[in-house]
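A.B. asks: Sequences listed follow chains V and F, in order. In terms of this note's numbering, the first sequence is residues 8 to 91. In terms of this note's numbering, the second sequence is residues 8 to 91. A virtual CB, placed ideally from N, CA and C, is assigned to each residue, including glycine. If you're wondering where the values come from, they're calculated on a predicted model, not measured in any experiment. What follows is a structure written as structure tokens; I'll ask about it next.
2 protein chains.
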Amino acid sequence: MTRGHSPTYRVPRKPDVVAKALGQRVRELRTAKAWSQERLADEAGMHRTYMWGIEQGTRNPSLRHLTRLADALGVSLESLFERL
Amino acid sequence: MTRGHSPTYRVPRKPDVVAKALGQRVRELRTAKAWSQERLADEAGMHRTYMWGIEQGTRNPSLRHLTRLADALGVSLESLFERL
Chain V
8 MTRGHSPTYR
18 VPRKPDVVAK
28 ALGQRVRELR
38 TAKAWSQERL
48 ADEAGMHRTY
58 MWGIEQGTRN
68 PSLRHLTRLA
78 DALGVSLESL
88 FERL
Chain F
8 MTRGHSPTYR
18 VPRKPDVVAK
28 ALGQRVRELR
38 TAKAWSQERL
48 ADEAGMHRTY
58 MWGIEQGTRN
68 PSLRHLTRLA
78 DALGVSLESL
88 FERL
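Written as structure tokens, this is what we have:
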């Protein structure tokens, strides 16, 4: 990609590291409610294997999925991404 | 969908409302840097029309896209989703 601007210095976060950290956060919020993965998947209207993949950090959920997940967990998106 | 549990009371956020609010937040962070949409698209490695759609709230960006966007803007994901 041709860049027309000087690059800004930053340390980009690797997407898979972020996905894994989000998965841990989801698990933390889920277990705080004493919910099984199946229960959370059900509450968020997602398939259980998809939810499993989110907690493993192997999925790349969209904003819509993330919104449904935060809603199901009863937290804001800001809280879902705490320290991320 | 058959639900095996009693539904938890909550007020779900509509995904398109969240997408629009996120778009406004991106615009706010971008203009604070005095960057054009083109500049931000370039920094985040996205196409300019895709970035335009994110700011309009008509796109459904994935976690990877959101991570690249936060990195380009120099903020955490938590900050990107401030008050969301």
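May I ask you to report which of helix, strand or coil DSSP gives S86 of chain F?
C.D. replies: helix
A.B. asks: Which residues of chain F have a Cβ atom closer than 7 Å to the Cβ of R90 of chain V, listed in chain order?
C.D. replies: Within chain F, the residues near R90 of chain V are E85.
A.B. asks: I want to verify the contact list: residues of chain V whose CB lies under 8 Å from the CB of L76 of chain F, in sequence order.
C.D. replies: Chain V residues near L76 of chain F: none, gap ~11 Å exceeds 8 Å.
A.B. asks: Counting pairs of Cβ atoms below 8 Å between the region 23-32 of chain F and the region 70-81 of chain V, do you hit three or more?
C.D. replies: yes
A.B. asks: T9 of chain V to T56 of chain F, Cα distance in whole Å?
C.D. replies: Any reading at T9 of chain V is ruled out, since the residue's pLDDT is 47, under 50, leaving its predicted position unreliable.
A.B. asks: Could you list which residues in chain F have their beta carbon closer than 9 Å to that of L47 of chain V, in chain order?
C.D. replies: What L47 of chain V touches in chain F: nothing, since even the nearest Cβ is about 10 Å away.
A.B. asks: 8 Å is my cut-off, CB to CB: does R71 of chain V come that close to chain F?
C.D. replies: yes
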